[in-house]
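Protein sequences appear in the order of chains S and Y. The first sequence lines up with residues 11 to 85 when you count with the working numbering. The second sequence lines up with residues 3 to 333 when you count with the working numbering. Structure first, then comments.
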Amino acid sequence: MVVMAEHDPQAVGRPESLSRDESDALARRRRARNRALFLVLLGLVALFYALTMSRLSEIGDPQQWSRPGAIAPSR
Amino acid sequence: MTDRALRQGEGASRGAGEAPLPETLAFLGSEPRDWIVLLKPRVMSLVVYTGLIGLLVAPVPMHPVRAAVAVLCIALAAGASGAINMWYDRDIDAVMRRTAQRPIPTGRISPEAALGYGVALAVFSVLLMGLAANWIAALVLALSIAFYVFVYTIWLKRRTPHNIVIGGAAGAFPPVIGWAAATGSIELAPIALFCIIFFWTPPHFWALSLFAHADYARAGVPMLPVVAGARETRWQILIYTLMLVAVSLVPLALGSAGLLYALAAVGLGCGFLRHAVAVLRDRQDAAGISLTGDRPAKAAFRFSITYLFALFGVLALDRLVATAGWLPIWS
Chain S
11 MVVMAEHDPQ AVGRPESLSR DESDALARRR RARNRALFLV LLGLVALFYA
61 LTMSRLSEIG DPQQWSRPGA IAPSR
Chain Y
3 MTDRALRQGE GASRGAGEAP LPETLAFLGS EPRDWIVLLK PRVMSLVVYT
53 GLIGLLVAPV PMHPVRAAVA VLCIALAAGA SGAINMWYDR DIDAVMRRTA
103 QRPIPTGRIS PEAALGYGVA LAVFSVLLMG LAANWIAALV LALSIAFYVF
153 VYTIWLKRRT PHNIVIGGAA GAFPPVIGWA AATGSIELAP IALFCIIFFW
203 TPPHFWALSL FAHADYARAG VPMLPVVAGA RETRWQILIY TLMLVAVSLV
253 PLALGSAGLL YALAAVGLGC GFLRHAVAVL RDRQDAAGIS LTGDRPAKAA
303 FRFSITYLFA LFGVLALDRL VATAGWLPIW S
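See below:
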C-alpha cells in the first residue's frame, strides 16, 4: 500500500539527517513562529475589542436608545 | 551552536556580494523578524508618520482608539505593499548588494508565502480601515496599495527612468488617507501635502541612486543616473528641489498653515536647496561621476529625510498652536 506523505513546504531542501545544532535551531525557530502567531492573534482580539468599545461609546447612553430614530431597537 | 551562530555561518558560506544560496540553511525556515523585514519597516515609519500628521492636521477630531487603528491600517497597508514588492522584485533583490540578504532571496521565506502574506495584509488593512474610520479612507488606502504594486512595482520600475517621479505618488497618499479617516472627505489641504511628498521623492531617491547606481545598473533597474548619467541627475535633483520648495508654500496659500510653518518651510527649503547645489557642484569627472565619494549626495539624502520629518512635524505643531489660539493661521 502506498502511503501519501503529508506535504511539508519546509521539508524542501532539508537534508535527510540533521545535526543536533540544526535540529535545535529548527525547533527554536518553530517555537518562535508559534509564539509570534499567538501574540498576533491576541493583538487582534484586543484590537477588535477596543474598536467595538469605541464604537459603542459613540452610540451613547443605552438608556436613550428608546427615543425615536435611535440606532438600537427600543426595549 | 546558537541560532545566531548558524545564521552567521549561513551568511559566511555565501560570501559578500554573491547571489545567496537558498539551499544552505533555508530549510530551517523563517524567524518572526523575517516577516517583519518583509514589511520594509524603515519605509513604513515615514509612511506612518506622514499619515499621522494628515490625521492630526484635519479639522475634525477623531476618537483616539479609532485614530490609532487608522494609523495601524496605514502601516499595515504600507507593509503589505512592501511584501508584494519584495515578492515581485525577488530576482533583482538577489543581485543587489543592498537587498541580497532579504528573506526571499535567502530562501528563508518562499515567494508564494510572501505574496499570500502581502495580499492578506492588504485586504485586512483596507477592511479594517473601512470599519474603524470610513469607506472613503479605505478606498484611498486600497488605491495607494494598487498604485504601488501595479503602477510602480510592476509597470514603471523596470521600464522608465521616471519610475520614481510617477511611482512617488504611491508614497504620497498617507496624509490624504489620514485626513480622509478623520473627516470622511478629501480637500485641497491634504492634496497639498500629497504634492509635497510627490515632489520630495525624486530628489530623495536620486540622491540615493547617485551613490548606489552600480547596484541599480547590475540589477538592470533604469534609475536616472544609470540611463541619463550622473550629471543630468544632479540637474534634475536641483530642479525638483526648487519645485518642492515652491509646493511646500501651498499650505500657506490655502490658509491651512501659519507663521511657524512658513518659517520652517522657508528655512528647511533653503537648507535642501543648499544641499542640491552642493550635489550639482560636487567635484566630478567628465561623465559627472563624483571624485569625492559622493559626499554631497549622501548628505543631501540624509537631509531629505530630516526635511520631510521636520516640515510635517512643524505643520502639526503649527496646527496645535493655532487651535490653542496662540498664533493665527494665515488666510
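A virtual CB, placed ideally from N, CA and C, is assigned to each residue, including glycine. As the structure is a prediction and not an experimental result, all values here were calculated from the model.
C-beta neighbour in chain Y for residue i, strict 9 Å
i, result
"L57 of chain S", "yes"
"L36 of chain S", "yes"
"S67 of chain S", "yes"
"L52 of chain S", "no"
"S27 of chain S", "no"
"R85 of chain S", "Reliability of the predicted coordinates at R85 of chain S is poor, the pLDDT of 45 falling under 50, and the value obtained from them is presented with this limitation in mind. It does not; no Cβ of chain Y falls within 9 Å."
Simplified DSSP state of residue i, which is helix, strand or coil
i, result
"G260 of chain Y", "strand"
"Q286 of chain Y", "strand"
"F175 of chain Y", "coil"
"I199 of chain Y", "helix"
"Q103 of chain Y", "coil"
"A326 of chain Y", "helix"
"R65 of chain S", "helix"
"E189 of chain Y", "coil"
"V55 of chain S", "helix"
"H65 of chain Y", "coil"
"L46 of chain Y", "The amino acid occupying residue 46 of chain Y in the given sequence is Met; Leu does not appear at that position. In this structure, M46 of chain Y counts as helix in the three-state DSSP scheme."
"T162 of chain Y", "coil"
Beta-ladder partner(s) of residue i, from DSSP
i, result
"S292 of chain Y", "Y:Q286"
Contact set for residue i: own chain, Cβ-Cβ below 7 Å, skip 5 residues either direction
i, result
"L78 of chain Y", "L123, F126 and S127"
"A318 of chain Y", "I55, L58 and V59"
"V45 of chain Y", "A80 and G84"
"L219 of chain Y", "The sequence shown places Ala at residue 219 of chain Y, not Leu. The residues are V228."
Chain S within 9 Å of residue i, Cβ atoms only
i, result
"P163 of chain Y", "no"
"L313 of chain Y", "no"
"V73 of chain Y", "no"
"W37 of chain Y", "yes"
"P34 of chain Y", "yes"
"R68 of chain Y", "yes"
"A134 of chain Y", "yes"
"G295 of chain Y", "no"
"G31 of chain Y", "yes"
"H65 of chain Y", "yes"
Cutoff 8 Å; reference residue i; Cβ partners in own chain excluding five residues on either side
i, result
"V281 of chain Y", "A209, L212, R236, I239, L240, P298, A299 and A302"
Proximal residues to residue i (C-beta, below 6 Å), its chain only, five neighbours per side dropped
i, result
"A1 of chain Y", "Because chain Y here runs from 3 to 333, residue 1 of chain Y falls outside it and cannot be looked at."
"C75 of chain Y", "S127, L130 and M131"
"Y309 of chain Y", "L270 and F274"
Beta carbon proximity, residue i to chain C, threshold 9 Å
i, result
"A56 of chain S", "Reference to chain C is not applicable here, since the protein chains of this structure are S and Y."
Tell me, please, whether the stretch 243 to 253 of chain Y touches the stretch 262 to 276 of chain Y by the rule of three or more beta-carbon pairs shorter than 8 Å. yes
Indicate whether the contact test is met: 3 or more Cβ pairs, each with one atom in the stretch 304 to 312 of chain Y and one in the stretch 31 to 42 of chain Y, closer than 8 Å. no
Does the structure place the stretch 174 to 187 of chain Y close enough to the stretch 272 to 281 of chain Y that three or more beta carbon pairs sit under 8 Å? no
Check whether the stretch 150 to 167 of chain Y touches the stretch 100 to 107 of chain Y, counting contact only when three or more Cβ pairs, one atom from each stretch, lie closer than 8 Å. no
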